[in-house]
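According to our numbering, the sequence shown is numbered sequentially starting from 1.
Scroll down for the structure; my scribbles are underneath it.
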Amino acid sequence: MSNIRITKQFSFETGHALYGYDGKCKNVHGHSYKLSVTVIGSPITDRSNVKFGMVIDFSDLKKIVKEEIVDQFDHATVFNQTTPHIELANELKDRGHHVILVDYQPTSENMVVDFAERIIGRLPSGISLFSLKLQETESSFAEWYASDNI
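Here it is as structure tokens:
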């Protein structure tokens, strides 16, 4: 049976700041992120299976990505937990804001690595993460490919 790639796209709004950066992104700001998730596998051949002919049900993939990424990062502000932004993060938390502290600089490059790890841990047997594309702006994005990370 052939391997087939299945892609589902997601959108979410997230704020962040890049502490120590020498450009505008050192300031707290946000993006309308677009995330494309591509998995690979063989379509189910068991005719008695309700998912017959599918690599993975799009709704199953959606559930994984929503729970691991969209529901957590949408309308949150992400800060590196090891920078002085921690004071701002704590202030925002105290005021009821949704803040995520990560152990990396929250660039698109690092976020896409984090997202890959979260998704891989949830995929069913026989399905592999092929690639992720995290689009930060209309013309800027980071991509993660399994083949680059063997």
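Note that the Cβ used here is the ideal one computed from N, Cα and C, for glycine as well.
Contacting residues, own chain, Cβ-Cβ under 7 Å from residue i (five flanking each side not counted)
i: Gln-105; result: Leu-18, Asn-80
Residues near residue i in its chain [Cβ-Cβ closer than 8 Å; skip 5 each side]
i: Asn-149; result: Ala-116
i: Ile-100; result: Gln-72, Phe-73, Ala-76, Thr-77, Val-78, Phe-79
Identity of the residue in the options nearest residue i by Cα
i: Ile-69; options: Thr-82, Tyr-21, Leu-134, Ser-2; result: Leu-134
i: Ser-125; options: Ile-56, Asp-71, Ile-100; result: Ile-56
i: His-98; options: Glu-13, Ile-6, Thr-7, Arg-5; result: Glu-13
i: Trp-144; options: Ile-127, Val-113, Glu-138; result: Val-113
i: Arg-118; options: Arg-95, Asn-49, Lys-66, Ser-48; result: Lys-66
i: Ser-140; options: Lys-34, Ser-2, Arg-95; result: Lys-34
Alpha-carbon to alpha-carbon, residue j and residue i
i: Gly-15; j: Ile-64; result: 22 Å
i: Glu-58; j: Phe-10; result: Residue identity differs from the one stated: residue 58 is Phe in this sequence, not Glu. Rounded to whole angstroms, Phe-58 to Phe-10 spans 12 Å at the Cα level.
i: Leu-129; j: Asp-60; result: 14 Å
i: Gly-53; j: Arg-47; result: 8 Å
i: Glu-87; j: His-29; result: 17 Å
Own chain residues within Cβ distance below 6 Å of residue i, not counting five before or after
i: Asn-110; result: Tyr-104
i: Ser-108; result: Leu-134, Glu-136, Ala-142
i: Thr-7; result: Ser-36, Thr-38
i: Ser-32; result: Glu-13
Buried versus exposed, by CB contacts within 10 Å (16 or more), residue i
i: Tyr-21; result: exposed
i: Ile-4; result: exposed
i: His-85; result: buried
i: Ser-131; result: buried
i: Gly-41; result: buried
Cβ of residue i within 8 Å of any chain C Cβ
i: Gly-41; result: No chain C is part of this structure, which consists of one protein chain only.
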